[in-house]
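So that you can map any letter, position 27 of the sequence shown is 27 in full-length UniProt numbering, and since no number is skipped, the others follow by simple counting. By construction, the Cβ of each residue, glycine as well, lies at the ideal position given by its N, Cα and C atoms. The structure appears right after this line, and notes come after that.
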Amino acid sequence: MSHAGEQTLLFRNQLKRRRFDGAALQILQSTLASKDVQSILELRLNLKEFLRSESVIAIREVAEKPLDHKLLILDFLVHAFAIVNDSCLALRYEALVLRESMSSSHQLLRVSHSEWMTFAEHAFDNGFYSIAGKACENALSCLQMVGVSKTHHSREILEVIGNIQRIKDAAVTLSATHSVQVQTAEYLKKNTIRSLKNSSLCKETEYPASSSFRKGIKRRNECNLQRLKALQKVEGN
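Set out below in structure tokens:
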């Protein structure tokens, strides 16, 4: 067995035994140390799939555990996914929210505005506009807690606030646009189905209708379907 194969097996065993620690992360890093690009790509894909399945199980297992234990698991998983080049936005967001909820009694866990800002940028780039907007709000809240007027770098902070606000505004706009597209697609889908049913009903009950009228219904239904497919394609992108 190759070195990468041995390290992969070792890492899998660590997670199966619930060893969520720095040693396991080091093993994961050494697993991807090969110089063979193709092998690394295949190995990284396999490790992503393994991490996704194990992370679901691990999170379920710690559902009733104390918050600090949950945070340790989430922090480990976030680092592990980062090593295999997976942004894993859902876990990152969960970890940030959990840290923030614990920060009142553990000040060191408080999420900084730069952490929220970085997450907001990644969420925005991946099309999660609603989440990006919330992250921007959290970043702005962090800066308000610090107090812009009291800082020695007020001009720099104001520039940061401007950048955060721009991302937030864009996220809100795109989120609303996406919502309208979804609603429009749903309306067209229902309207198309209703039209198809009406057309089918006319044929089944043999209501008198000219051939040109039936062709018009068919053309309208085809246009509706084409618009629906176009909207669904936009949503998919």
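Practice task
Please look up how many angstroms separate the CB atoms of Val78 and Leu91, rounded, as I've assumed it's under 8 angstroms.
Solution key: The distance from the Cβ of Val78 to that of Leu91 is about 5 angstroms, consistent with a contact at the 8 angstroms cut-off.
Practice task
Count the other C-beta atoms from every protein chain shown that fall within 10 angstroms of the C-beta of Ser53, then say buried if there are 16 or more, exposed otherwise.
Solution key: The residue is exposed, with fewer than 16 neighbouring Cβ atoms inside 10 Å.
Problem - Neighbourhood of Asn85 by C-beta distance below 7 angstroms, restricted to the same chain and skipping five residues each side - result: Here Asn85 has Arg44 as same chain residues with Cβ atoms under 7 angstroms from its own Cβ, once five neighbours each way along the sequence are excluded.
Problem - Pairwise C-alpha distance: Ser112 and Arg19 - result: Going from the Cα of Arg19 to the Cα of Ser112 covers about 28 angstroms.
Handout entry: Contacting residues, own chain, Cβ-Cβ under 8 angstroms from Phe128 (five flanking each side not counted)
Key = The residues are Leu89.
Handout entry: Through-space distance from Gly162 to Glu121, alpha-carbon basis
Key = Looking at the two C-alpha atoms, the distance is approximately 14 angstroms.
Problem - Beta-carbon proximity check, Leu47 vs Leu32, cutoff 9 angstroms - result: In this structure, the beta-carbon distance from Leu47 to Leu32 falls below 9 angstroms.
Problem - Inter-residue Cα distance where the pair is Trp116 and Ser130 - result: Distance between the alpha carbons of Trp116 and Ser130: 14 angstroms.
Exercise for the section: Using the Cα positions of Leu41 and Leu9, report the straight-line distance between them to the nearest angstrom. Expected result: Pairing Leu41 with Leu9, the inter-Cα distance amounts to about 17 angstroms.
Exercise for the section: Give the secondary structure of Ser105 by DSSP, where H, G and I count as helix, E and B as strand, and everything else as coil. Expected result: In the three-state scheme derived from DSSP, where H, G and I count as helix and E and B as strand, Ser105 is classed as coil.
Exercise for the section: Excluding the 5 residues preceding and the 5 following Arg110 in the sequence, name in chain order all residues of the same chain whose CB lies nearer than 6 angstroms to its CB. Expected result: Within the same chain, Arg110 has close Cβ partners Ser103.
Handout entry: DSSP-derived helix/strand/coil call for Val111
Key = Residue state, collapsed to three classes: coil.
Exercise for the section: Measure the Cβ-Cβ separation of Phe81 and Ser101 and say whether it is below 9 angstroms. Expected result: Not in contact: Phe81 and Ser101 (Cβ atoms no closer than 9 angstroms).
Exercise for the section: Please report how far the alpha carbon of Asn138 lies from the alpha carbon of Ser114, in whole angstroms. Expected result: Approximately 10 angstroms between the Cα atoms of the pair.
Problem - Residue interval of the alpha helix (DSSP H) (run including Glu6) - result: Start and end: 3-16.
Practice task
Starting from Leu71, trace the alpha helix (DSSP H) both ways and give me its first and last residue.
Solution key: Run containing Leu71: 67-83, per the alpha helix (DSSP H) assignment.
Problem - Beta-carbon contacts of Gln29 that lie in its chain and below 7 angstroms, excluding the five residues immediately before and after - result: Only Ile83 meet the Cβ criterion.
Problem - Simplified DSSP assignment, three categories, for Asp125 - result: Of the three classes helix, strand and coil, the one that applies to Asp125 here is helix, per DSSP.
Problem - Lys203 (DSSP reduced to helix, strand or coil) - result: Low per-residue confidence applies at Lys203: pLDDT is 46, beneath 50, and the placement is therefore not dependable, though the value from the model is reported in the following sentence. Of the three classes helix, strand and coil, the one that applies to Lys203 here is helix, per DSSP.
Problem - Exposed unless 16 or more other CB atoms sit within 10 angstroms - verdict on Leu108 - result: Leu108 should be labelled exposed.
Problem - Which of helix, strand or coil DSSP assigns to Glu32 - result: For the sequence presented, residue 32 should be read as Leu rather than Glu. Of the three classes helix, strand and coil, the one that applies to Leu32 here is coil, per DSSP.
Exercise for the section: Label Gly22 either buried or exposed according to how many other C-beta atoms from any shown protein chain fall within 10 Å of its C-beta, with 16 as the threshold for buried. Expected result: So Gly22 ends up on the exposed side.
Problem - Local conformation of Ala170 per DSSP, three classes - result: Helix at Ala170.
Practice task
Would you identify the three-state DSSP class for Val62, choosing helix, strand or coil?
Solution key: Note: Val62 maps to coil in three-state DSSP.
Handout entry: Where Phe20 sits in the DSSP three-state scheme
Key = Note: Phe20 maps to coil in three-state DSSP.
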